[in-house]
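> Quick one: structure below, then a few questions.
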Amino acid sequence: MAKKFDHIILLVDDEEQVGRALGRILKQIKVKYVYMDSGEAGLERLKTATTPFSLIISDQRMPGMTGSEFLEQAKEMSPDTLRFLLTGYADVDAVTHAVNKGSIHRYIAKPWDKKEFIETVKTGLEQYELIVENDRLFKLAKAQNAKLYTLNTDLKKSTVLHKKAVLQKDKEIKKLKSRLEIGFENRNYINEIEALLREHDMLEQEKLNSLYAAIVSELFEQFQDIATRNGFEMPESIPGD
Amino acid sequence: MSGSEEHAILVVDDDEPIVKNMRRVLKRKGFSRVISALNGEQGIKLLEDTRNHFFLIMSDQRMPGLSGSEFLEKSMVLSPESRRMLITGYSDFDAIVDAVNKGEIHQYIAKPWNNDDLILRIQTEHDIYNRFQERKHLFNLTRHQNTKLFDVAAKQKKNLERFIHELEEKKQGVEELVQALSEARQEAEYKEIFPGLDELLTRTITMNQKNLAEAFSISRKGVMDTIGVIARKNGITFSPGPAPSGNTGRLPEDVFEIIDQVIENVVQAVEPALFRIGSEPSTGMGIDDYTEVPDFGELAFNDGYITRGEMDMAAKELAERESDRSTGLTISTVLVEKAFLQRKDLSRLFAKLAFIQTRLLDREFAQILIEREVASKKDTDRAFRKQLNHFEDSGISTPLGDILVESDVIVPELRDEIIATQDRSGTVKPDNAPKAPSSDYGTVIDLQVSQDRTQAWIRVPESLLGTTDIMPVKALIKKRGITNGVAKDAEIREFIKNGTDPLEKFIVAQGTAPRAGKSAKIVYHFNTEYDGKGVVRDDGSIDFTDRGDSPYVKKGAVLAEKQTMEEPCNGMDIFGETLLVGEVADADLKAGDGAGFSEDELRIIAEVSGQPSLDAAGAVSVREQYTVRGDVDFKTGNIHFNGNVLVTGTVRQGFTVECDDLTAGEVNGATILTRGDLKVSNGIVNTRVESHGNIMAKFMNNVTLFAGGNLMVTREIMGSQVLISGSLNNEAGRITDSLVAARLGLSVKQVGTEKAESATIRLGTDDYIKWVAQRFDREISGIREELDRHITEKQNLDNTYNALHVDVANQTFAQEKLNRKMEFVEKNMGRADAGEERQNAARELKEIEESITRADERIKSIFKEQDTIMQQVAACDREIGSCNDRILAAEQEKKDLIDRLEKTAPVPELKVNKRIYRGTRITGPTATLVLTREMGASKFTETDTGEPDAPKQITCQVLNL
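Here the protein sequences line up with chains A and B, keeping their order. Going by the numbering used here, the first residue of the first sequence is number 1, and it counts up by one from there. Going by the numbering used here, the first residue of the second sequence is number 242, and it counts up by one from there.
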């Protein structure tokens, strides 16, 4: 895990020798570090850092600001960074205080065992990676959520628009259909005649029968005319009589 | 990140004071749930209890039994997500580091520990544990949201495509309608132009007295029909009578407007009918009957100018004077020379030949115009009529194209263009083609059609053999209406020319014989009819113990084989009628329990050894047998067995037996459900029976029974309700106070007694099938309800999910706003002087930051909730799928079962061989009869009088036994 991630550790100790000794161990496990010789310098460094530190290891006993004081302020400035305190036997009270305030994640007793120190640092880095990874996932989830929200809203909008467009066409079709139907009805000669008869109040039994007789008689006359024009007479008996 | 109520810590240590101390320290830091075990074995038991969730497992290394690292290694399997911490008494770092590297433990602590150190370590592990959990949720969520994003995008794309498609379709619909509307308008306008009666008649009929009279008759009928329709529509009695003169006086003044309008419309409407006037020739061949230009002699003969004898003689002479043919000798010349034909008729015949030719070509011409939609059929019909009139008046053949141009239907250019595509070069076919002497047509050609109408053959009289004249044969074929598979002219000609034997048959038409298919068939390799009828003892009880003849198969035996279906093929007879053959049916092989398919799926193989059977739904199964020595009672409990069950004693009150075949000594007060047969040596009493198979018993009292098979009862059926799909055999017993419905009929000794309540007998009815259908419907609707519940639940979950989704979006949006505000405040703070203003800004910044953090916490908890909902939705989906599968399965089972039951036609028959008492109600599928008197041996049947609408009835026939 450590290899995938570019960790950087902040070492703070007024004794440069101690800093150098720890730095050597970190170098062995291929982790970069920055050394500062006081809490004040450490805070300054944190302020100007472009990439956040994964871990801060600070000695408790330093002239000026103590380690736990420094780490307490560091927590405010870089809350995700893990904080380890380096202590001697006489610092028991300081540790208890720091633990109670929640300002340190671990303490490392001096003199340290090298293997144990490495394990502790590795666990810390692993924990930090988890913090960063979860943060990334959380941001991703939020972004996805926002995108989904927008897409869904768009979908709803476009569906409404589509429906409107289709509805409009449907209306058009309906209108055309009804016009076509009216058109067909106009062409039906029976309906035309019926309308004509209704208009003239002819839809009564007696009138209709009389009308029929009148039509037939008129029709015969017209045929008789044509026959005469062609030089013959309509026969006496008509087929179908 | 400090204490958590949800998660507990497991401590395994045999040193109780240490555990006690630890518990106290941890409690102060909020880890209130600390559970301890004294050794590894106890620890494992605690881990195996799924109710326990430990975020941390701590173990002392030195313990009796399992060592700490051994225990922690085992705990990895039982609780893989837990953090593991080893407590060591001495600092053997190498071993511990090794364990850490192997991933067995995450943390270790040396005894005696510093409490601060312990707390820090446990807090670290708790933090890591929580972050892993969080990461898991976020992982699931992002993956799910990704899928959703993809789905929504796909849906959007699909919606768009569908929308475009739909819109395109609608657009096309609009276009089509617009087109139809414009056509309709055109047609309407086209119709409006009435040329006047005279003009309309001139263009439709040949003007003479007979035709005009006929046209008048048609027009008058048109008027009558029209007025008739209108009268009917308006509920008026219309009685057309002859036209009484002066009757119009009662009509209004403006009536002539109506009269003209009616005449105009009706005459236009009947115009197509007018075309037909005079076009049917009374005798012989009409002009339009020719499909090719006839020979001169043929036409002269057809039109009655010459006799067949005269024609033959002329042809013979022409053949003899063959040398003269180069000089242009033709049959017409010979006919005139021989004075068979007058010269004046000669020109008339030539004119007619020319007209036939023109007419044939013009038919093509008209067809092209109609196909190109340049002219309507009405247009061309009118033109043809005009052409014919013109020819009959003047003897001149005017090309149809000219007529159409003249009446402005087409433009001259189009006429010329189409004519150019036609071969109009040949004038009238020269009548000097070689012509062999014709036979005497008085002798008859014998044409016979085979019984199956797929073949026709002719025998040609000697007089015709050796000629090349196929006209009489062709005419005969046409006359008989043979249209399909007619031999080619060349073949017929060949036969006539080369034939010598007047008895020789020649096939002139060959249809296609139909080919019958073959239904699929299933052959069973075991006795499917085995009914296991026991031996009836004198007291009516039945002995089923002799089971030696029951079929038995060994594992691997072939139980059934399918012979596949052959598709049928319809034929066509020589008259062009389709010859249908019966349809064939496929059959499905079905394997039930204990049986499986062969690789080619055409055979069913026994998978276990046992009794093979064919159930009502057509499935072949092999059943194993379970034997109960004695009764089914509290000792055995209810029996549910996938196989056959044998009970040597009684199935007792309150117990249920569900199995394939059941054989029992007695059934009393039980519930019996069998997929196969039920055989009871003695009686069935106070029991409900549902069975797919056959049932046998000595007697039945107060039984409700539903069975898919037959029922045999040797003694009484009393107070029972029996619905069966098979037949009832009760030839030695009697039915009293019961309802018995048997689809395949009943044969009974006695129905009713003097005193007992009368019985109801239902013959040939589908009561059982209806009951089965209802039972399945109930089951299906039950599953549907369940399905609906799951769907609603899923819907609700989806809604909740989506609401949360909106919630997150809102929170994120608010956060963005806060971020902007923070930037703004920061900028201001940079500019502000030290002091109060700066402090205020700093406070504000802190508040904003806190708001942002609170929003993050809220979003995180929503994400967690969404993760849970997602899992619930997945569970819903599984349930929905399973419901759908179950519905499909039940529907299929219902269909199979009912299909199989309905395959056999019902038998509405009741045979009584001794006595049937009055009051008995006998019901068939449609009719009912209540017996008003006592009767002896008799047979009741529901008969069909044959009349389709006549009511069916139950008839009774007295039997003489």
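Even for Gly, the Cβ is constructed at its ideal location relative to N, Cα and C.
So, using beta-carbon positions, are Lys-1105 of chain B and His-378 of chain B closer together than 7 Å?
Counting from 1 along the second sequence, the entry for residue 1105 of chain B is found at position 864. Counting from 1 along the second sequence, the entry for residue 378 of chain B is found at position 137. A contact, by the Cβ cut-off of 7 Å.
> What is the rounded straight-line gap between the Cα of Leu-800 of chain B and the Cα of Val-861 of chain B?
Counting from one through the second sequence, the residue named residue 800 of chain B turns up at place 559. Counting from one through the second sequence, the residue named residue 861 of chain B turns up at place 620. Roughly 8 Å between the two C-alpha positions.
> For the candidate residues B:Lys-270, B:Asp-710 and B:Gln-283, whose alpha-carbon lies nearest to that of Val-253 of chain B?
To locate residue 253 of chain B, count along the second sequence from 1; it is residue 12. The residue with the shortest Cα to Cα distance from Val-253 of chain B is B:Gln-283.
> With 7 Å as the threshold, decide whether the Cβ of Leu-361 of chain B is near any Cβ in chain A.
Translated into positions along the second sequence, residue 361 of chain B becomes position 120. Cβ-Cβ to chain A under 7 Å: yes for Leu-361 of chain B.
> Cβ closer than 8 Å: which chain A residues qualify as neighbours of Phe-632 of chain B?
Taking the first residue of the second sequence as position 1, residue 632 of chain B is located at position 391. Residues of chain A with a Cβ closer than 8 Å to the Cβ of Phe-632 of chain B do not exist; the shortest Cβ-Cβ separation is about 18 Å.
> Would you tell me roughly how many angstroms separate the C-alpha atoms of Leu-1028 of chain B and Glu-1120 of chain B, rounded to the nearest one?
Here residue 1028 of chain B refers to the residue found at position 787 of the second sequence. Here residue 1120 of chain B refers to the residue found at position 879 of the second sequence. Distance between the alpha carbons of Leu-1028 of chain B and Glu-1120 of chain B is about 8 Å.
> Residues of the stretch 149-169 of chain A with a CB closer than 8 Å to any CB of chain B: list them in chain order, please.
Residues of the stretch 149-169 of chain A that bring their beta carbon within less than 8 Å of a beta carbon in chain B comprise Tyr-149, Leu-151, Asn-152, Asp-154, Leu-155, Ser-158, Thr-159, His-162, Ala-165, Val-166 and Lys-169, in sequence order.
> Could you pull out every residue in the same chain whose Cβ sits closer than 7 Å to the Cβ of Thr-877 of chain B, ignoring the five residues on either side in sequence?
Numbered from 1 along the second sequence, position 636 holds the residue referred to as residue 877 of chain B. These residues qualify, in order along the chain: Val-869.
> Write down every uninterrupted run of the beta strand (DSSP E) in the stretch 104-135 of chain A whose length is 3 residues or greater and which is fully enclosed by it, in chain order.
Within the stretch 104-135 of chain A, the complete beta strand (DSSP E) runs of at least 3 residues are 106-109.
> Between the Cα of Ile-9 of chain A and those of A:Gln-17, A:Glu-16, A:Ser-54 and A:Glu-44, spot the shortest distance and give me the residue it belongs to.
Start at 1 with the first residue of the first sequence, and residue 9 of chain A comes out as number 9. Here the closest residue by C-alpha is A:Ser-54.
> Give me the Cβ distance between Gly-208 of chain B and Thr-889 of chain B, rounded to the nearest whole Å; I'm assuming they're in contact under 8 Å.
Here chain B has residues from 242 to 1202 only, and residue 208 of chain B is not among them.
> Our contact map puts Leu-208 of chain A next to Phe-479 of chain B with C-beta atoms below 8 Å; I'd like the distance itself, whole angstroms only.
Your numbering for residue 208 of chain A matches position 208 in the first sequence. Your numbering for residue 479 of chain B matches position 238 in the second sequence. Contact between Leu-208 of chain A and Phe-479 of chain B holds, since their C-beta atoms are separated by about 6 Å, short of 8 Å.
> Given this structure, state the Cα-to-Cα distance separating Asp-874 of chain B from His-881 of chain B, to the nearest angstrom.
Here the question's residue 874 of chain B lines up with position 633 in the second sequence. Here the question's residue 881 of chain B lines up with position 640 in the second sequence. Rounded to the nearest angstrom, the two C-alpha atoms are 14 Å apart.
> As a quick exercise: from A:Ile-29, A:Glu-15 and A:Gln-17, pick the residue whose alpha carbon is nearest that of Phe-5 of chain A.
Along the first sequence, read from residue 1 onward, the residue named residue 5 of chain A stands at position 5. Looking at the Cα atoms, A:Ile-29 is the closest of the given residues.
> For chain A, find out if any of its Cβ atoms is closer than 7 Å to the Cβ of Glu-375 of chain B; answer yes or no.
By 1-based counting over the second sequence, the position of residue 375 of chain B is 134. It does: the Cβ of Glu-375 of chain B has a partner Cβ on chain A nearer than 7 Å.
> Quick one: what's Gln-348 of chain B bridged to in DSSP?
Working through the second sequence from its first residue, we reach residue 348 of chain B at position 107. Its beta-bridge partners are B:Met-326.
> Throw me the rounded Cβ distance for the Val-615 of chain B and Ile-651 of chain B pair, which I believe falls under 8 Å.
Sequence index remark: in the second sequence, residue 615 of chain B carries index 374 (1-based). Sequence index remark: in the second sequence, residue 651 of chain B carries index 410 (1-based). That pair is a contact at about 6 Å.
> Which ranges does the beta strand (DSSP E) cover as unbroken runs of at least 3 residues, wholly within the stretch 16-59 of chain A, from first to last along the chain?
32-36 and 55-59
> Report the residue from B:Gly-1005, B:Arg-623 and B:Thr-388 whose alpha carbon sits nearest the alpha carbon of Thr-1169 of chain B.
One-based indexing of the second sequence puts residue 1169 of chain B at position 928. Looking at the Cα atoms, B:Gly-1005 is the closest of the given residues.
> Please work out which residues of its chain come closer than 7 Å, Cβ to Cβ, to Arg-1174 of chain B, disregarding the five sequence neighbours upstream and downstream, and give them in chain order.
For the purposes of this step, residue 1174 of chain B is taken as residue 933 along the second sequence, with counting starting at 1. Counting only Cβ-Cβ distances below 7 Å, and skipping sequence neighbours, we find Arg-1159.
> For the candidate residues A:Gln-17, A:Ser-158 and A:Tyr-212, whose alpha-carbon lies nearest to that of Val-507 of chain B?
For the purposes of this step, residue 507 of chain B is taken as residue 266 along the second sequence, with counting starting at 1. A check of alpha carbon separations from Val-507 of chain B across A:Gln-17, A:Ser-158 and A:Tyr-212 identifies A:Tyr-212 as the nearest.
> Check distances from the C-beta atoms of the stretch 80-99 of chain A to those of chain B and list, in chain order, the residues that come in under 7 Å.
Val-95, Thr-96 and Val-99
> Can you give, in chain order, each stretch of the beta strand (DSSP E) that sits fully within the stretch 985-1057 of chain B and has at least 3 residues?
987-992 and 1001-1004
> So, is Leu-821 of chain B buried or exposed, given that buried needs 16 or more other C-beta atoms within 10 angstroms?
For the purposes of this step, residue 821 of chain B is identified with residue 580 of the second sequence, where counting begins at 1. When all chains shown are included, Leu-821 of chain B counts as exposed.
> Would you call the stretch 275-282 of chain B in contact with the stretch 347-360 of chain B, where contact means no fewer than 3 C-beta pairs closer than 8 Å?
no
> Answer yes or no: does any C-beta atom of chain A fall closer than 7 Å to that of Pro-436 of chain B?
Walking along the second sequence from the start, residue 436 of chain B turns up at place 195. The beta carbon of Pro-436 of chain B does not come within 7 Å of any beta carbon belonging to chain A, so the residue lies off that interface.
> What number of angstroms, rounded off, separates the C-alpha of Ala-826 of chain B from the C-alpha of Arg-756 of chain B?
Locating residue 826 of chain B in the second sequence gives position 585, counting from the first residue. Locating residue 756 of chain B in the second sequence gives position 515, counting from the first residue. Roughly 15 Å separates the two Cα atoms.
> Evaluate Thr-805 of chain B with the Cβ neighbour count: other Cβ atoms within 10 Å of its Cβ, from every protein chain shown; 16 or more gives buried, anything less gives exposed.
The count along the second sequence starts at 1 and reaches residue 805 of chain B at position 564. It counts as exposed.
> Pull up the distance between the alpha-carbon of Met-234 of chain A and that of His-631 of chain B, whole angstroms please.
Counting from one through the first sequence, the residue named residue 234 of chain A turns up at place 234. Counting from one through the second sequence, the residue named residue 631 of chain B turns up at place 390. Each residue's Cα considered, the two are about 22 Å apart.
> Going by DSSP in three states, Ile-815 of chain B sits in which element: helix, strand or coil?
In the second sequence, residue 815 of chain B corresponds to position 574, counting from 1. Ile-815 of chain B: coil per DSSP, three-state reduction.
> Give the DSSP-derived three-state secondary structure of Asn-971 of chain B in the structure shown.
Here the question's residue 971 of chain B lines up with position 730 in the second sequence. It is a strand residue.
> From this set, B:Arg-362, B:Gly-344, B:Gly-330 and B:Pro-353, which residue's C-alpha is nearest Ile-104 of chain A's C-alpha?
Looking up residue 104 of chain A in the first sequence gives position 104. Closest by alpha carbon: B:Arg-362.
> Taking the C-alpha atoms as reference points, what is the distance between Thr-443 of chain B and Val-749 of chain B?
The sequence position of residue 443 of chain B within the second sequence is 202, counting from 1. The sequence position of residue 749 of chain B within the second sequence is 508, counting from 1. Near 45 Å, if we compare the C-alpha coordinates of Val-749 of chain B and Thr-443 of chain B.
> Please report the distance separating the alpha-carbon of Gln-598 of chain B from that of Glu-533 of chain B.
Within the second sequence, residue 598 of chain B is the residue found at index 357, counting from 1. Within the second sequence, residue 533 of chain B is the residue found at index 292, counting from 1. Taking the straight line joining both Cα atoms gives about 8 Å.
> List the residues of chain B that Phe-232 of chain A touches, going by C-beta distances under 9 Å, in chain order.
In the first sequence, counting from the first residue as 1, residue 232 of chain A sits at position 232. Result: Met-448, Asn-449, Gln-450 and Leu-453.
> Give a yes or no on whether the minimum CB-CB distance between Asp-1108 of chain B and chain A is below 7 Å.
For the purposes of this step, residue 1108 of chain B is identified with residue 867 of the second sequence, where counting begins at 1. False, the Cβ-Cβ gap to chain A never drops below 7 Å.
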